[in-house]
Amino acid sequence: MGDKLRQLAGLLRRAAEKALIPALLTCLVAVPTVGSSMEIDWGSFQVLLIVCLALYLQWIISLLLVYWQQRGFRIERTDAEIIGNAFGGMGKKSRMFCRALADVCDNNLEEGLDGFLAVLEMQGLTDKERQLCHFYIGRCYQMTGCSANAVQSYQRARELGMDNPYLLLFQARSMTDSGAYEAARTVYDRLLELELPEFSCIRTDVGMLYLRQHDGAKALQWFEDSIAKGENVAFAYGGCALACLLLRQPEQSQQYYEQAVTNRMADLEGFREYYAELQDAVEHPLAG
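Residue numbers (numbering that gives the first Met the number 0): 0 to 287.
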């Protein structure tokens, strides 16, 4: 509860700060118009003050709605932290960015990609806003299977100064998907150095990287290390089962397979299909 109250207080403070200048500018236009029709006395001053405060409050509410919209259309739980104060105004670029984010959230990836590309072409973007555009363009490419394009977009975000662990994770995965294994391993090493507790998938990701290279021994080492550290355990058991298939250790593979099922591995059906395909490929290498 305390954290939520602090977050709300911070949100109100940012909205109040951002609303001050546009509210003052609006008052400069509105006050002479209202004031010209009344005599300047204490009662008139009170009316003008109420008008200014009402305009200020209106701007604060409008900004809060923008913040709410920006945080409501998120793909990942951490998007609000990644975006921060960027695109927090009421201008066209902020509305377009929020719309693109909403499209991605609704799985309208092509529309979202077009939206982020359009925002990137706009004038007056800050460095942080450019970083975010490239980051989310990369996400769109990654989610549509265009891993090589995703790698380039993520790299551009890094070149502009973005240094977020999620950026590194998504770039490493895209590198793996595009076959850039050495580059991916370098990025994974950077993530391992950070030792972030919420990134319990790194060792299993590295294990999958070695599975892609048909290196069962190294893959098994990373999956077992993940199990020993209590990280992404169910997935790691599944990885061990696959690695043991490559090493032609069917009995050990079956034991790991059962552990993966027992621990309720995510996407269990997909794992079973992949396991069966790999098992068939190992047992019948010349088939097809």
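Ideal Cβ placement from N, Cα and C applies to all residues, glycine included.
According to DSSP, is residue i helix, strand or coil?
| i | result |
| --- | --- |
| residue 133 | helix |
| residue 278 | helix |
| residue 270 | helix |
| residue 154 | helix |
| residue 84 | coil |
| residue 148 | helix |
| residue 229 | coil |
| residue 161 | coil |
| residue 138 | helix |
| residue 242 | helix |
| residue 265 | coil |
| residue 251 | helix |
| residue 64 | Only weak support is given to the placement of residue 64: the predicted model assigns it a pLDDT of 48, under 50, and the value that follows is read from those uncertain coordinates. Helix. |
Compare the C-alpha of residue i against each of the options and name the closest.
| i | options | result |
| --- | --- | --- |
| residue 128 | 264, 272 and 95 | 95 |
| residue 108 | 126, 80, 145 and 93 | 145 |
| residue 196 | 219, 211 and 229 | 229 |
| residue 234 | 243, 154, 227 and 203 | 203 |
| residue 160 | 209, 125 and 216 | 125 |
| residue 310 | 153, 83, 270 and 135 | As displayed, the chain neither begins before 0 nor continues past 287, which places residue 310 out of reach and without an answer. |
| residue 237 | 180, 102 and 260 | 260 |
| residue 166 | 101, 248 and 130 | 130 |
Please look up how many angstroms separate the CB atoms of residue i and residue j, rounded, as I've assumed it's under 8 Å.
| i | j | result |
| --- | --- | --- |
| residue 119 | residue 132 | 4 Å |
| residue 303 | residue 246 | Outside the displayed range of the chain (0 to 287) lies residue 303, so it cannot be described from this structure. |
| residue 87 | residue 99 | At roughly 15 Å, the Cβ-Cβ gap does not stay under 8 Å, so residue 87 and residue 99 are not in contact. |
Completely contained alpha helix (DSSP H) runs for the stretch 86-125, where each covers 4 or more residues:
91-104 and 108-119
Pick out the complete beta strand (DSSP E) segments inside the stretch 158-220, 3 residues or longer, and give them in chain order.
none
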